[in-house]
Structures are given as structure tokens and as C-alpha cells.
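Sequential numbering of the sequence shown, starting at 0, is according to numbering that gives the first Met the number 0.
Each residue gets a CB set at the ideal place from its N, CA and C atoms; glycine is no exception.
Report on one structure; see the data block that follows.
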Amino acid sequence: MDGSFCRAGDRAIDDFAPNEVLDSHRHREANAALVLNGEFLERSLDGRFACTRGVILVHPAYHLHADEFCRSGAHVLTLHLERRVADDIGYKVISTSAADEFARLIFDAPTEAAEAIVEESRLHRPIAPPPWLPRFIAMMLSDHSITDAAVACGVTIEHASRTAARWFGESPRQLRREGKLQRAIAALRAGAAPAEAAADGGFADQPHLTRALKRATGLTPARLR
Numbered sequence: 000m001d002g003s004f005c006r007a008g009d010r011a012i013d014d015f016a017p018n019e020v021l022d023s024h025r026h027r028e029a030n031a032a033l034v035l036n037g038e039f040l041e042r043s044l045d046g047r048f049a050c051t052r053g054v055i056l057v058h059p060a061y062h063l064h065a066d067e068f069c070r071s072g073a074h075v076l077t078l079h080l081e082r083r084v085a086d087d088i089g090y091k092v093i094s095t096s097a098a099d100e101f102a103r104l105i106f107d108a109p110t111e112a113a114e115a116i117v118e119e120s121r122l123h124r125p126i127a128p129p130p131w132l133p134r135f136i137a138m139m140l141s142d143h144s145i146t147d148a149a150v151a152c153g154v155t156i157e158h159a160s161r162t163a164a165r166w167f168g169e170s171p172r173q174l175r176r177e178g179k180l181q182r183a184i185a186a187l188r189a190g191a192a193p194a195e196a197a198a199d200g201g202f203a204d205q206p207h208l209t210r211a212l213k214r215a216t217g218l219t220p221a222r223l224r
């Protein structure tokens with residue numbers, strides 16, 4: 000791997016206060032975040048993860064997620080990655096028993112640390128959701144109405160909406176919009192033209208995608224591509 004695997008010298012340590020809450024947000028830069036100590040929950044369309052010492056989260060640029068810190072707060076070491084690297088592997092949560100070794104590597108040899116993080120195969124499992132919830136989300140992302148998805152899963156619309164918001168940090172409608180946006184972004188990163196990406200994401204047309212993307216990231220499809 001070459002030196003463009005990460006942005007050399009671009010590392011940071013963040014201390015998060017007990018019970019601190021970071022509402023849904025996006026990072027302009029891709030990063031890998033190593034939990035040195037403490038505990039927090041990360042929620043996104045990808046699932047709900049309990050993050051403790053040794054967990055490493057890889058965030059592609061503009062990935063939407065929310066974080067809720069526990070009574071201990073948390074101490075997190077962040078290594079900024081080149082976007083192409085994080086884009087290739089997508090959102091990834093891994094677990095290592097060698098947190099101190101990874102921390103030293105991030106400071107002393109960031110390119111090697113980025114390579115090790117990308118190649119690490121020990122995935123950290125998400126917290127298991129209620130049995131009906133994955134089907135509800137899958138149906139909703141496949142353009143079924145929220146009502147039809149809730150009925151098919153045997154729950155009320157109100158219960159489905161509350162559970163989805165608690166589990167993923169967003170309402171069902173927001174999750175549907177994010178799912179469409181993620182598909183379009185993935186298509187753009189793969190080289191699709193804006194009109195093609197709009198169709199892949201399920202947007203009405205290219206202007207519809209442009210408006211949604213600018214609201215979320217500040218970028219037009221052409222700029223992100």
C-alpha cells in the first residue's frame with residue numbers, strides 16, 4: 000500500500016463527556032475511530048453498535064450516524080483516511096484486543112495503521128434488533144409504504160416508528176431518504192453519471208437528487224463524483 004492510504008499526521012484524540020449525545024451528523028472527511036476507553040452507542044442505517052475499548056469504526060465521508068455516550072464518557076483516537084480507501088470498504092465496525100498497539104501504530108506509522116484497519120476481518124457484531132425490525136426496514140427501503148411494512152410485520156405504525164427512531168436514530172421516512180441517498184452516493188463514487196445515480200437511488204430525476212445531496216453534504220452530484 001502507498002502513502003496515500005491516509006492523510007499523514009492527521010490524527011486527533013477526542014474526549015466525550017459522560018452522557019453526551021451527538022445527534023445525527025456527517026463527517027466531511029473519512030475516518031477510522033478507535034475507542035481507547037469508555038463506552039457509547041452508535042446508531043445508523045447500518046445498525047446499532049455498542050462501542051467499547053478496542054472497537055474501531057470506519058466512517059466513509061458523509062456517512063450519517065448518531066452517538067450516545069454512557070456514564071463513563073469515552074476517549075477516542077481518530078485517524079483521517081483518504082476518501083477512496085473508506086469508500087472502497089464502506090462503513091465497517093471491527094473489534095481488536097490490541098487497542099494499545101493500534102494506537103501506537105496510528106501515531107508512529109499512520110499508513111500502516113490504515114492498512115491494518117482496512118484489512119482487519121474481525122467484525123464487531125451489531126446489537127440484535129427486535130426480530131421484526133429488519134424486515135420492516137427492508138420493505139420500507141424497497142419502496143413499500145410505512146403502513147404496509149408495519150402491517151406485514153404485525154406491529155402498529157406508531158410502534159414501528161418509535162422503535163425505528165430509537166434503534167437507528169432516525170424516523171422511518173428519514174431512514175428511507177437516507178437509504179436512497181446512500182444508493183445514489185455509491186453509484187456516483189462508482190463513476191455513474193448524475194442522472195444514472197438518481198435512477199439508482201430511486202429519485203424522481205437528477206434535480207431531485209441534486210437538492211437532496213446538497214442538503215445533506217453541501218455538494219452537487221458532479222462535485223461528489
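Check your understanding: What are the start and end residues of each continuous alpha helix (DSSP H) run of 4 or more residues lying completely inside the stretch 125–160, in chain order?
Key -> Note on the stretch 125–160: whole alpha helix (DSSP H) runs with a minimum of 4 residues are 132–140, 145–152, in chain order.
Practice item. Report yes if the CB atom of Tyr90 is closer than 8 Å to the CB atom of Asp22, and no otherwise. Key: Against a cut-off of 8 Å, the Cβ pair of Asp22 and Tyr90 comes out as no contact.
Exercise for review: Confirm, please, whether the CB-CB distance from Leu80 to Ala32 is below 8 Å.
Suggested key: Taking 8 Å as the Cβ cut-off, Ala32 and Leu80 do not qualify as a contacting pair.
**Study point:** Three-state class that DSSP yields for Phe258 in the structure shown
**Key:** Because the chain is modelled from 0 through 224, residue 258 falls outside the range shown and cannot be assessed.
Review point. How long is the line joining the alpha carbons of Ile55 and Ile93, rounded to whole angstroms?
Key: Computed Cα separation, rounded: 5 Å.
**Study point:** Residues near Ala112 in its chain [Cβ-Cβ closer than 7 Å; skip 5 each side]
**Key:** Spatial neighbours of Ala112 in its own chain (CB-CB distance under 7 Å, excluding positions within 5 residues in sequence) are listed in chain order as Leu78, Phe101, Leu104, Ile105.
**Study point:** Three-state secondary structure (DSSP) of Arg210
**Key:** Under the three-state reduction of DSSP, Arg210 is assigned to helix.
Practice item. My understanding is that Ala185 touches Leu174, with C-beta atoms under 8 Å, so please give their C-beta distance in whole angstroms. Key: The Cβ separation is near 16 Å, so there is no contact.
Practice item. Would you check if the stretch 142–152 and the stretch 69–78 touch, i.e. whether three or more CB-CB distances between them fall below 8 Å? Key: No, the stretch 69–78 does not touch the stretch 142–152.
Practice item. Assign Arg121 to one of three DSSP states: helix, strand, or coil. Key: In the structure shown, Arg121 adopts coil according to DSSP, grouped into three states.
Practice item. Mind listing, in chain order, the continuous beta strand (DSSP E) runs of no fewer than 3 residues lying wholly within the stretch 47–82? Key: Uninterrupted beta strand (DSSP E) stretches at least 3 residues long and entirely within the stretch 47–82 occur at 54–58, 64–80, given in chain order.
Review point. Along the chain, where does the beta strand (DSSP E) that runs through Ala189 open and close?
Key: Counting along the chain, Ala189 falls outside any beta strand (DSSP E), and DSSP gives it neither H nor E.
Check your understanding: What residues match up with Glu41 in a beta bridge as DSSP calls it?
Key -> DSSP, once it has assigned bridges, lists Phe48, Asp66 as partnering Glu41.
Practice item. From the DSSP output, in three-state form, read off Leu218 for me. Key: Per DSSP, reduced to three states, the secondary structure at Leu218 is coil, with no helix or strand assignment.
Practice item. Quick one: residues in its chain with C-beta nearer than 6 Å to the C-beta of Asp13, no 5 flanking neighbours on either side, listed in chain order? Key: Only Val75 meet the Cβ criterion.
Check your understanding: Where does Arg27 sit, in a helix, a strand or coil, going by DSSP?
Key -> Coil at Arg27, not helix or strand.
Check your understanding: Arg176 and Ala211 look like a contact to me (Cβ under 8 Å); what is the Cβ gap, rounded to whole Å?
Key -> Their Cβ separation, rounded to whole angstroms, is 7 Å, which keeps Arg176 and Ala211 in contact under 8 Å.
Exercise for review: State yes or no: is the C-beta of Gln205 within less than 8 Å of the C-beta of Pro193?
Suggested key: Cβ distance < 8 Å, so Gln205 and Pro193 count as in contact.
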